[in-house]
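Numbering (numbering that gives the first Met the number 0), first residue to last: 0 to 220. Don't be surprised by glycine CBs; every beta carbon is placed ideally from N, CA and C.
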Amino acid sequence: MAPKRVVGIDEAGRGSLVGPLVVGAFCLAEDRLDELVALGAKDSKALTPPAREKVFEGLPEVGTRAHVALSPQEVDRAVEKGNLNRLEAETFAQLIRDLRPQVAYVDACDPNERRFGLRVGRLAGIPVRIISRHHADRDFPVVGAASIVAKVTRDRAIDALRAQVGDALGSGYPSDERTVEFVRSFLRGTTPVPPWVRSSWATMQRVMPHRPARTLDSFEE
Numbered sequence: 000m001a002p003k004r005v006v007g008i009d010e011a012g013r014g015s016l017v018g019p020l021v022v023g024a025f026c027l028a029e030d031r032l033d034e035l036v037a038l039g040a041k042d043s044k045a046l047t048p049p050a051r052e053k054v055f056e057g058l059p060e061v062g063t064r065a066h067v068a069l070s071p072q073e074v075d076r077a078v079e080k081g082n083l084n085r086l087e088a089e090t091f092a093q094l095i096r097d098l099r100p101q102v103a104y105v106d107a108c109d110p111n112e113r114r115f116g117l118r119v120g121r122l123a124g125i126p127v128r129i130i131s132r133h134h135a136d137r138d139f140p141v142v143g144a145a146s147i148v149a150k151v152t153r154d155r156a157i158d159a160l161r162a163q164v165g166d167a168l169g170s171g172y173p174s175d176e177r178t179v180e181f182v183r184s185f186l187r188g189t190t191p192v193p194p195w196v197r198s199s200w201a202t203m204q205r206v207m208p209h210r211p212a213r214t215l216d217s218f219e220e
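Right, dumping it as structure tokens:
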């Protein structure tokens, strides 16, 4: 009997002020998980940027990388309707359909991890066992690999954007004062909100006080 195909799925950039939200996936045969561990796959937050890049480049030797990048406009539309968790679940499900695993380990973005797993499975619409956990990127190497795919892909997108608009852009996160100040300066005067900025986060209140915004914890799911 052929070994099961397993996939890990995670995201990077959910709370960003600038750039895409990237959902990353990594799929491999279950009997190659030891190779994945030997490669150094783990939660991307536990690795330095050079280490993440090294693991990212080595992943195709063990399995299949995949990702979906959601634009700021897609995220904004979901946030305005209180549907960000659903948008992520739909994207997780899309990757499961594309990769056709028998088992999917997913990092739950919903406070209710079981509910998130059931939603992803229903949206995937194919026979698959869903294991939905908080901190799955820490606990399962295959989800750690997915977190590396998501983080490296997003970091590269931010690097490309920085090359366009200037190094002062910073990391793209609202915790980075360089990013907040850069966006504030960019929007001074009558400049419209550029397509690389998310206008739905409460952080925009600091940048554009007249604009209403929703917080990350204000979703119905």
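- Under DSSP, I157 takes part in no beta bridge, so it has no partner.
- Under the three-state reduction of DSSP, S70 is assigned to coil, being neither helix nor strand.
- Three or more Cβ pairs drawn from the region 7-20 and the region 141-155 lie within less than 8 Å of each other, which places the two stretches in contact.
- Here S131 carries a strand assignment [DSSP, helix/strand/coil].
- A65 is not a Cβ neighbour of A37, given a cutoff of 8 Å.
- A check of alpha carbon separations from V141 across N111, R177, T152 and Y104 identifies Y104 as the nearest.
- Ranking V78, L69 and R4 by CA distance to the CA of L32 puts R4 first.
- The C-beta of E176 has fewer than 16 other C-beta atoms within 10 Å across all chains shown, which makes the residue exposed.
- A Cβ-Cβ contact shorter than 8 Å links L168 with F181.
- The Cβ-Cβ distance between A123 and R96 falls below 8 Å.
- Taking a 10 Å sphere around the C-beta of T47, we find fewer than 16 other C-beta atoms and assign the residue as exposed.
- I8 is bridged by DSSP to A24 and V105.
- Within the DSSP secondary-structure output, T178 pairs in no beta bridge.
- Around the beta carbon of P2, fewer than 16 other beta carbons sit within 10 angstroms, so the residue counts as exposed.
- For K80, the number of other beta carbons within 10 angstroms of its own is below 16, and it is reported as exposed.
- Just so you know, the alpha carbons of P59 and V206 end up roughly 41 Å apart.
- If you draw a 10 Å sphere on the C-beta of M0, you find fewer than 16 other C-beta atoms in it, and that means exposed.
- In the displayed model, V61 falls within coil according to three-state DSSP, outside both helix and strand.
- If you draw a 10 Å sphere on the C-beta of I125, you find fewer than 16 other C-beta atoms in it, and that means exposed.
- Restricting attention to S70, A77 and G120, the CA atom closest to the CA of F91 is found in G120.
- Between the alpha carbons of A40 and E34 lies a distance of about 9 Å.
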